[in-house]
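Below: one structure, written as structure tokens.
Residue numbers (the numbering used here): 88 to 417.
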């Protein structure tokens with residue numbers, strides 16, 4: 088690890104100004120991803136701007152019945168918050184599935200959404216990678232890719248986004264608020280991550296030097312009947328090979344409202360809108376759930392070693408939706 092400067096920010100405007108004055112600086116929250124990348128040489132910031140003392144560490148209700156989550160709220164505090172557990176249980180489940188207790192105590196909401204892919208080629212600076220060095224190539228396409236993307240990828244990058252939290256937030260229409268050198272702004276989480284295309288090194292819609300300040304969850308009564316399920320290669324702490332966040336509102340045996348998002352299948356948390364379209368207004372049964380999953384996964388383009396993900400995600404989506412439907416009947 089090379090030498091770097093360190094400065095602690097005490098207000099949002101000051102933090103943004105510090106980064107604007109030094110384009111090679113990076114914001115430091117919990118550091119659970121950034122510091123690892125600094126150790127491997129993927130990230131080489133000249134300065135770290137510590138934002139942990141900024142007044143962004145609260146979860147608060149909004150006037151319309153949603154929740155406003157500060158960017159420096161730790162994953163542990165988010166998962167344990169009574170309103171999150173009551174109104175958005177899938178979010179609590181996703182956060183608890185996302186890391187070990189020690190990491191959750193350090194990691195922050197903003198940092199979780201900005202974490203980089205865990206693709207082995209990305210983290211190995213001796214290998215080419217279009218995310219690290221645009222135009223150098225994507226060795227995963229013909230190399231090790233059994234955990235990589237089956238939706239929304241391109242020949243330039245097939246890496247997946249590792250966030251569990253982001254999958255649940257995507258299902259519930261979260262909105263990202265930020266402060267930039269040009270002032271405040273906001274962007275829906277579904278538009279926050281940029282399509283891979285031929286520019287996989289451009290990952291988010293955040294303006295240069297911007298700081299995430301809050302994540303807002305709009306009111307969503309259906310979210311109170313939600314679930315997150317994650318499949319991984321070992322039962323202990325591990326990144327997903329597939330995950331589903333789902334919520335259903337069923338009336339008289341028919342789906343009145345549905346939310347569905349997939350994780351570990353694309354470069355971003357994947358909102359399953361084609362599946363939602365099949366679900367809404369249809370009978371709440373296994374046939375409908377399978378048809379919905381098939382509609383979403385019709386766009387899948389697996390590589391030779393990760394075709395299993397299509398079957399896995401179909402079965403996982405059907406299982407989670409079935410569980411929600413059976414619980415609703417009880």
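Note that CB positions come from ideal geometry on N, CA and C, so glycine has one too.
Predicted model, so just to flag it, every value in this text is computed and none were measured.
query                                                                                                                             : result
Residue from 284, 380 and 140 whose Cα sits closest to the Cα of residue 355                                                      : 284
Beta-carbon contacts of residue 289 that lie in its chain and below 8 Å, excluding the five residues immediately before and after : 281
Between the CA atoms of residue 159 and residue 190 - distance to the nearest angstrom                                            : 14 Å
DSSP beta-bridge partners of residue 114                                                                                          : 136
Beta-carbon proximity list for residue 307, same chain, < 6 Å, skipping 5 on both sides                                           : 259
Distance, residue 353 Cα to residue 236 Cα                                                                                        : 5 Å
Pair within 9 Å by beta-carbon distance, residue 251 and residue 181                                                              : yes
contact_flag[the region 118 to 134, the region 144 to 154] where n(CB pairs < 8 Å) is 3 or more                                   : no
Buried versus exposed, by CB contacts within 10 Å (16 or more), residue 93                                                        : exposed
Proximity of residue 348 and residue 332 at Cβ, strictly below 9 Å                                                                : yes
For residue 396, three-class secondary structure by DSSP                                                                          : helix
According to DSSP, residues forming a beta bridge with residue 94                                                                 : 136
C-alpha distance - residue 110 paired with residue 96, whole-angstrom precision                                                   : 16 Å
Classification of residue 417 by the beta-carbon crowding that lies within 10 angstroms, buried from 16 upward                    : With a pLDDT of 49 at residue 417, under the threshold of 50, the modelled position of this residue cannot be trusted, and the question is left open.
Residue range of the beta strand (DSSP E) that includes residue 101                                                               : Residue 101 -> not in any beta strand (DSSP E); alpha helix (DSSP H) instead, spanning 99 to 108.
Nearest-angstrom Cα separation, counted from residue 201 out to residue 339                                                       : 41 Å
For residue 197, the three-state DSSP class (helix, strand or coil)                                                               : helix
Nearest-angstrom Cβ-Cβ length linking residue 371 and residue 406, presumed shorter than 8 Å                                      : Not confirmed; about 14 Å, so no contact.
Chain-order list of residues whose beta-carbon lies under 8 Å from that of residue 420 (same chain, five-residue window excluded) : Residue 420 cannot be examined here, being either before or after the span of the chain that is shown, 88 to 417.
Three CB pairs or more closer than 8 Å across the region 196 to 210 and the region 112 to 124                                     : yes
Nearest-angstrom beta carbon gap, residue 127 and residue 212 [assumed within contact, 8 Å]                                       : 7 Å
Presumed contact (8 Å Cβ cut-off) between residue 136 and residue 114, rounded CB distance                                        : 5 Å
Where residue 175 falls, given that 16 or more other Cβ within 10 Å makes a residue buried                                        : buried
For residue 301, the residue or residues it bridges with in DSSP                                                                  : 157 and 264
Residue 254 and residue 324 closer than 9 Å at C-beta                                                                             : no
DSSP beta-bridge partners of residue 315                                                                                          : 332
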